[in-house]
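The structure appears right after this line, and notes come after that.
Residue numbers (our numbering): 25 to 459.
Here it is in structure tokens:
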């Protein structure tokens, strides 16, 4: 394979599973460079993922574990009727009194926020499928530099520069205790690995900071905000930030929602921008789901359906395949709800009501050059995960099969040490064996 042109290797490797691509990255400098290239990583995602993922990433914890253990798992409902569950090792510990907030996930990467200004590791990008992470540096706006403030985060992908970005919108408190507008804006780019401040272009809007939500749709991050020019700020709207152009915009909501700011949450329904409205009436509550059928066209807002939060249902998390709704019951049980038939299906998890997070998930090679998460001295993996019910350890291949494996600290061995070796496919994994 060393004689093949680089473009041919590119095409072959882009078709490989994540674990296999991560393993053969250890073969030589050329393969390491090719597979680590951001252009290749994007091509690999586009080539190997399906339009509609049937894998859910779910986070939850019990009330008594709030300060200790967060449980992450992948639920694959495509392989078996009951679903296949893979538990993920969560290696991070929060400095705050509560737990990590999950800003968003995209292309296999989760953006986590500790919500603690005193922590140098307040924001983390984590790819659980390859056990890699990056701790973002301390931003410019902190409590020690600007006093009391509130911030919201957004995470997404800039298709123009092929870069993953985190945007941080910080509202410093004025003397009257209100948020100063415009806010302080900083953008972190994975390619540059640093924060950049906005000299101009900050939004003339406020963003609701309590239990804020974000949705990455059509290349832009969206939050629920308000127009401070309206009396009492009683005019809700969606604040968007385009990751490519790095421009803020205001998006109007339906007239019936403009005074419902604190009861709104922005989300994504399939590939559409969506808003969930909580309506409380007497002892009953319901969640109204709105979608913008044509992005950017404010007249295309449509009320899709209403979820009656009865029969033990407490809150709506988001949307699942076949237009089902993920909900949490008053007893902390995660269920899938079909709004058309009214049928509920248990997802087999129970935890604190506010602990649940769920989103579609795909495996990827993003953050392949990040910090490794080593789960033990004998568990140095190249890709991690499970294959045929067995954890893949590089050291294990040599012991069981007599294969020569590459396990150098830099991730590859000199080419001279690879003479006389060839690649062999074993259980859908490429390994190096002696001729």
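From the three backbone atoms N, C-alpha and C, an ideal C-beta is built for every residue, glycine too.
task = Report buried or exposed for residue 325, applying the criterion of at least 16 other Cβ atoms within 10 angstroms of its Cβ.
result = For the purposes of this step, residue 325 is taken as residue 301 along the chain shown, with counting starting at 1. That one is buried.
Q) Within this structure, are the beta carbons of residue 37 and residue 58 separated by less than 8 Å? A) Your numbering for residue 37 matches position 13 in the chain shown. Your numbering for residue 58 matches position 34 in the chain shown. Yes; because the gap between Cβ atoms is below 8 Å, this pair is in contact.
Check your understanding: Are there 16 or more other CB atoms within 10 angstroms of the CB of residue 182, so buried, or fewer, so exposed?
Key -> Position 158 of the chain shown holds residue 182. Classification for residue 182: buried.
Assign residue 157 to buried or exposed, taking buried as 16 or more other Cβ atoms, counted over all protein chains shown, within 10 Å of its Cβ. To locate residue 157, count along the chain shown from 1; it is residue 133. With 16 or more Cβ atoms within 10 Å of its Cβ, residue 157 is classed as buried.
Closest to residue 200 by C-alpha separation, out of 186, 373 and 172, would be which residue? Stepping through the chain shown from its first residue, residue 200 is reached at position 176. Out of 186, 373 and 172, 172 has the C-alpha closest to the C-alpha of residue 200.
Three-state secondary structure (DSSP) at residue 113?
Here residue 113 is taken as the residue at index 89 of the chain shown, counted from 1. In this structure, residue 113 counts as coil in the three-state DSSP scheme.
Practice task
Assuming residue 341 and residue 351 form a contact by the criterion Cβ under 8 Å, report the distance between their Cβ atoms to the nearest whole angstrom.
Solution key: For the purposes of this step, residue 341 is taken as the residue at position 317 of the chain shown. For the purposes of this step, residue 351 is taken as the residue at position 327 of the chain shown. Contact holds; Cβ gap of about 6 Å.
DSSP three-state call for residue 239: helix, strand or coil?
Your numbering for residue 239 matches position 215 in the chain shown. Residue 239: strand per DSSP, three-state reduction.
- Item | Contact set for residue 222: own chain, Cβ-Cβ below 6 Å, skip 5 residues either direction | The residue you call residue 222 lines up with position 198 of the chain shown. Counting only Cβ-Cβ distances below 6 Å, and skipping sequence neighbours, we find 209.
Three-state class that DSSP yields for residue 301 in the structure shown | Looking up residue 301 in the chain shown gives position 277. In this structure, residue 301 counts as strand in the three-state DSSP scheme.
Just curious, the alpha helix (DSSP H) that residue 43 is in, first and last residue?
Counting from one through the chain shown, the residue named residue 43 turns up at place 19. Counting along the chain, the alpha helix (DSSP H) containing residue 43 begins and ends at 42-48.
- Item | Rounded distance between the beta-carbons of residue 391 and residue 149, thought under 8 Å | For the purposes of this step, residue 149 is identified with residue 125 of the chain shown, where counting begins at 1. For the purposes of this step, residue 391 is identified with residue 367 of the chain shown, where counting begins at 1. Rounded, the Cβ-Cβ distance is 6 Å, consistent with contact.
### Query
Per DSSP, what kind of secondary structure is residue 293 in: helix, strand or coil?
Position 269 of the chain shown holds residue 293. Strand.
Distance check for residue 268 and residue 191, CA to CA, integer angstroms please.
Stepping through the chain shown from its first residue, residue 191 is reached at position 167. Stepping through the chain shown from its first residue, residue 268 is reached at position 244. Those two C-alpha atoms are separated by around 12 Å.
*Looking only at C-alpha atoms, which of 170, 252, 331 and 243 sits nearest to residue 188?*
Within the chain shown, numbered from 1, the residue matching residue 188 stands at position 164. Of 170, 252, 331 and 243, the residue nearest in Cα terms is 243.
- Item | Reference residue 460; option with closest CA among 339, 323 and 321 | Here the chain covers residues 25 to 459 and nothing more, so residue 460 does not appear.
- Leaving out five residues before and five after residue 196 in sequence, what residues of the same chain have Cβ atoms less than 8 Å from its Cβ? To locate residue 196, count along the chain shown from 1; it is residue 172. Excluding sequence neighbours, residue 196 sits near 165, 170, 171, 172, 173, 203, 204, 207 and 208.
Cβ contact check for the segment 281-296 and the segment 247-261: 3 or more pairs under 8 Å:
yes
In three-state terms, what does DSSP make of residue 214?
Translated into positions along the chain shown, residue 214 becomes position 190. It is coil, neither helix nor strand.
Item to complete: Please look up how many angstroms separate the CB atoms of residue 385 and residue 98, rounded, as I've assumed it's under 8 Å.
Response: As a working note, residue 385 is residue 361 in the chain shown. As a working note, residue 98 is residue 74 in the chain shown. Contact holds; Cβ gap of about 6 Å.
Leaving out the 5 sequence neighbours to the left and right, which residues in its chain are closer than 6 Å to residue 142 when beta-carbon positions are compared? Translated into the one-based positions of the chain shown, residue 142 becomes position 118. Note that residue 142 scores 43 on pLDDT, short of 50, meaning its location in the model is unreliable; the coordinates nonetheless yield the value given after this. For residue 142, where only same-chain residues beyond five positions count, there are no Cβ hits under 6 Å.
**Prompt:** Going by alpha carbons, who is nearest to residue 224 out of 114, 327 and 270?
**Reply:** Residue mapping note: residue 224 aligns to position 200 of the chain shown, counting from 1. It is 270 whose Cα lies nearest to the Cα of residue 224.
Helix, strand or coil: which one does DSSP assign to residue 232?
Counted from its first residue, the chain shown places residue 232 at position 208. Residue 232 falls in the coil class under three-state DSSP.
* Sub-8 Å separation of residue 293 and residue 343 beta-carbons -> Indexing the chain shown from 1 puts residue 293 at position 269. Indexing the chain shown from 1 puts residue 343 at position 319. Contact flag set, yes.
Pick from 128, 155 and 177: whose alpha carbon is nearest that of residue 46? What you label residue 46 is simply residue 22 of the chain shown in a count that begins at 1. Among 128, 155 and 177, the Cα nearest to that of residue 46 is on 155.
* Cross-strand partners of residue 156 (DSSP beta bridge) -> Within the chain shown, residue 156 is the residue found at index 132, counting from 1. Partner(s): 151 and 396.
Exercise. Would you report the Cα separation of residue 228 and residue 81, rounded to the nearest angstrom?
Worked result: Against the chain shown, residue 228 aligns to sequence position 204. Against the chain shown, residue 81 aligns to sequence position 57. So the alpha carbons of these two residues sit roughly 35 Å apart.
Distance, residue 217 Cα to residue 105 Cα | The count along the chain shown starts at 1 and reaches residue 105 at position 81. The count along the chain shown starts at 1 and reaches residue 217 at position 193. With a pLDDT of 44 at residue 105, under the threshold of 50, the modelled position of this residue cannot be trusted, and the question is left open.
Q.
Taking the alpha helix (DSSP H) that residue 28 belongs to, which residues open and close that run?
A. Stepping through the chain shown from its first residue, residue 28 is reached at position 4. It is not in any alpha helix (DSSP H) - residue 28 carries neither H nor E in the DSSP assignment.
Subject >> Top-ranked residue by Cα proximity to residue 307, from 322, 335 and 51 >> reply: For the purposes of this step, residue 307 is identified with residue 283 of the chain shown, where counting begins at 1. Selected option, being the one with the closest Cα: 335.
Checklist line | residue 386 - DSSP class collapsed to helix/strand/coil | finding: Translated into the one-based positions of the chain shown, residue 386 becomes position 362. If DSSP states are grouped into helix, strand and coil, residue 386 belongs with coil.
**Prompt:** Which word fits residue 131, buried or exposed, when buried means at least 16 other C-beta atoms lie within 10 angstroms of its C-beta?
**Reply:** What you label residue 131 is simply residue 107 of the chain shown in a count that begins at 1. Flag for residue 131 reads buried.
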